[in-house]
Amino acid sequence: MYDDLHKMASSYMRNEQNTVSLSPTVLIHELYMRLPAEQNAELSRTHFFALAATTMRRALVDQARFRNRKKRGGEYSRRALLDWESITPADSDHVLAVDEALQELAALDPRQASIVEMRFFAGMTVAEVAEHLKVSKRTVEADWTMTKAWLRRWFDDEGQNS
97 MYDDLHKMAS SYMRNEQNTV SLSPTVLIHE LYMRLPAEQN AELSRTHFFA
147 LAATTMRRAL VDQARFRNRK KRGGEYSRRA LLDWESITPA DSDHVLAVDE
197 ALQELAALDP RQASIVEMRF FAGMTVAEVA EHLKVSKRTV EADWTMTKAW
247 LRRWFDDEGQ NS
């Protein structure tokens with residue numbers, strides 16, 4: 097399981113290693129420190145990776161906020177992204193924007209927000225997400241398609257308002 101987590105964390109950091117002070121190993125250690133100890137033994141593999149995605153997201157958002165406080169006095173610049181799917185979880189501005197979008201999406205549709213979190217932050221496949229959510233792969237694919245459109249629209253709207 098550690099090797100799988102390391103691959104997940106490494107994929108987040110691959111393009112941003114020079115600008116992010118978290119290494120994949122540090123991110124994994126951060127994950128283990130943040131996970132409730134009593135839950136670790138009880139989780140299925142899929143549920144564990146979904147929880148890992150949430151926890152890694154929080155660690156990356158915390159790191160991005162810290163970096164932005166140092167860099168720009170606490171604010172990140174919102175900007176329209178032509179292709180939100182090209183965002184890497186290690187880019188502090190983008191992580192904060194995705195986090196803000198996910199908070200809004202969670203208020204509208206918690207399952208769709210969970211799907212983004214599992215796909216974007218954990219790199220889970222459609223089948224893994226479907227297993228975790230106990231829905232069909234077709235449902236996840238339909239939600240993923242709708243969610244990508246919602247996120248595209250959200251980023252376009254944010255870019256026009258910034």
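Counting from 97, one number per residue, gives the positions in the sequence shown under this note's numbering.
For every residue, glycine included, the Cβ atom is placed at its ideal position computed from N, Cα and C.
No experiment lies behind these values; they were computed from the predicted model shown.
- For M152, name the three-state secondary structure that DSSP assigns. Along the sequence shown, read from residue 1 onward, the residue named residue 152 stands at position 56. Helix.
- Message: Which residue marks the beginning of the alpha helix (DSSP H) containing V212, and which one marks its end?
- Response: Residue mapping note: residue 212 aligns to position 116 of the sequence shown, counting from 1. That run of the alpha helix (DSSP H) goes P206 to V212.
- Query: Are the beta-carbon atoms belonging to E213 and A149 less than 8 Å from one another?
  - Reply: As a first step, residue 213 must be located in the sequence shown, where it is residue number 117. As a first step, residue 149 must be located in the sequence shown, where it is residue number 53. Taking 8 Å as the Cβ cut-off, E213 and A149 qualify as a contacting pair.
- Message: Tell me the rounded alpha-carbon separation between H228 and S140.
- Response: Along the sequence shown, read from residue 1 onward, the residue named residue 228 stands at position 132. Along the sequence shown, read from residue 1 onward, the residue named residue 140 stands at position 44. Looking at the two C-alpha atoms, the distance is approximately 9 Å.
- State the CB to CB distance for the pair Q208 and D253, rounded to an integer number of angstroms; the pair is presumed to be in contact (CB under 8 Å). Your numbering for residue 208 matches position 112 in the sequence shown. Your numbering for residue 253 matches position 157 in the sequence shown. Wrong, their Cβ atoms sit about 17 Å apart, outside the cutoff.
- Going by beta carbon distance, what residues of the same chain come within less than 6 Å of E171, once the five residues before and after it are set aside? Taking the sequence shown and counting its residues from 1, the one referred to as residue 171 is at position 75. Per-residue confidence for E171 stands at a pLDDT of 49, beneath the threshold of 50, marking its modelled position as unreliable; no derived number is given.
- How would you call A223, buried or exposed, if buried means at least 16 neighbouring beta carbons within 10 angstroms? Looking up residue 223 in the sequence shown gives position 127. Answer is exposed; the Cβ neighbour count stays below 16.
- Straight-line gap, A202 to H125 (C-alpha atoms, nearest Å): To locate residue 202, count along the sequence shown from 1; it is residue 106. To locate residue 125, count along the sequence shown from 1; it is residue 29. Near 27 Å, if we compare the C-alpha coordinates of H125 and A202.
- Task: Please report how far the alpha carbon of T241 lies from the alpha carbon of K233, in whole angstroms.
- Result: The sequence position of residue 241 within the sequence shown is 145, counting from 1. The sequence position of residue 233 within the sequence shown is 137, counting from 1. As the crow flies, the alpha-carbon of T241 is around 12 Å from that of K233.
- Query: Does at least one heavy atom of the ligand SAH sit under 7 Å from the Cβ of L156?
  - Reply: No copy of the ligand SAH appears in this structure; indeed no ligand is present at all.
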